[in-house]
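>
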Amino acid sequence: NAGVTQTPKFQVLKTGQSMTLQCAQDMNHEYMSWYRQDPGMGLRLIHYSVGAGITDQGEVPNGYNVSRSTTEDFPLRLLSAAPSQTSVYFCASRLLFPASGDPSPPQHFGDGTRLSIL
Amino acid sequence: AQSVTQLGSHVSVSEGALVLLRCNYSSSVPPYLFWYVQYPNQGLQLLLKYTSAATLVKGINGFEAEFKKSETSFHLTKPSAHMSDAAEYFCAVSMDTGRRALTFGSGTRLQVQP
Chain D
1 NAGVTQTPKF QVLKTGQSMT LQCAQDMNHE YMSWYRQDPG MGLRLIHYSV GAGITDQGEV
61 PNGYNVSRST TEDFPLRLLS AAPSQTSVYF CASRLLFPAS GDPSPPQHFG DGTRLSIL
Chain S
1001 AQSVTQLGSH VSVSEGALVL LRCNYSSSVP PYLFWYVQYP NQGLQLLLKY TSAATLVKGI
1061 NGFEAEFKKS ETSFHLTKPS AHMSDAAEYF CAVSMDTGRR ALTFGSGTRL QVQP
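Sequence lines, in order, name chains D and S. Each residue of the first sequence is one higher than the one before, starting from 1 at the first, in my numbering. Each residue of the second sequence is one higher than the one before, starting from 1001 at the first, in my numbering.
Encoded structure:
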């Protein structure tokens, strides 16, 4: 199983450029989310989705857009990159509802995209 | 509201020594609690989780954590550190399993000295 796949692994952008970070999962998970990781701040939720066509904002959504046209894919778009968006971005997925014997399905993480904005 | 506090951004232990990483949580309802580990240039991997079935939870790689409601704590321990345990560890809390996302602590970097 591939699990959660993120592309690209590294990217350098100039201020004002736009780009899309890709995330795909092959576990048929309803719930997908994007986090950013910054030193000393842990992971902060950007956007999440509970199924195709349904998205919602997290803790730090400004400057980012998402869409969920399929169960498998959950791309994150930076509309106009800013240096403050330099970070490591993680996509994660999990089952939305408890499975038999597991009231709290764990999240599965991709390996991250390291984004630098100059 | 839910929050997590991890005491100590860096912890250094000798190989073979006890590992203790501290996590305190705040939650208005009984929480679900998680410990994740992150090795360099990788994503997060689940070490263990508490879901109210038992207060002492055993995870992978010899780690365990104890849920103490009276202290609102969920500290991670391992009796004997190994060099391969060097990584960053994150405590996380969730109040339910539906739409609510995980809230992560700021992380603790564990260094293991030979």
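All C-beta atoms, glycine included, are put in the ideal place defined by N, C-alpha and C. It should be emphasised that the depicted structure is a prediction, and the values quoted were computed from it without experimental measurement.
According to DSSP, HIS108 of chain D sits in a beta bridge with which residue or residues?
Answer by DSSP bridge pairing, in chain order: D:SER93.
> Among D:SER93, D:GLN107 and D:MET19, whose alpha-carbon lies nearest the alpha-carbon of PHE74 of chain D?
With distances taken between Cα atoms, PHE74 of chain D lies closest to D:SER93.
> If you follow the beta strand (DSSP E) that ARG44 of chain D is in, where does it begin and where does it stop?
Here the beta strand (DSSP E) through ARG44 of chain D covers 43–51.
> Report, in whole angstroms, the separation of the C-beta atoms of ILE54 of chain D and ARG68 of chain D, which I expect to be a contact under 8 Å.
Yes, they are in contact, since the Cβ atoms of ILE54 of chain D and ARG68 of chain D sit about 7 Å apart, within 8 Å.
> May I ask you to list the residues that DSSP assigns as paired with PHE1063 of chain S?
For PHE1063 of chain S, which the question treats as bridged, DSSP gives no partner whatsoever.
> Measure the alpha-carbon distance for ASP1085 of chain S versus ARG1022 of chain S and round it to whole angstroms.
Distance between the alpha carbons of ASP1085 of chain S and ARG1022 of chain S: 16 Å.
> Under 9 Å Cβ-Cβ, which residues of chain S neighbour TYR89 of chain D?
Per Cβ cutoff of 9 Å: no residues; TYR89 of chain D is ~11 Å from chain S at best.
> Would you mind stating whether SER1003 of chain S and TYR1025 of chain S have Cβ atoms separated by less than 9 Å?
Yes.
> Going along the region 38–49 of chain D in order, which residues come within less than 7 Å of chain A, judged by CB to CB distance?
The structure shown has no chain A; the protein chains it does contain are D and S.
> Would you kindly work out how many angstroms separate the C-alpha atoms of ALA1001 of chain S and SER1080 of chain S, rounded to a whole number?
When rounded, the distance between both Cα atoms is 35 Å.
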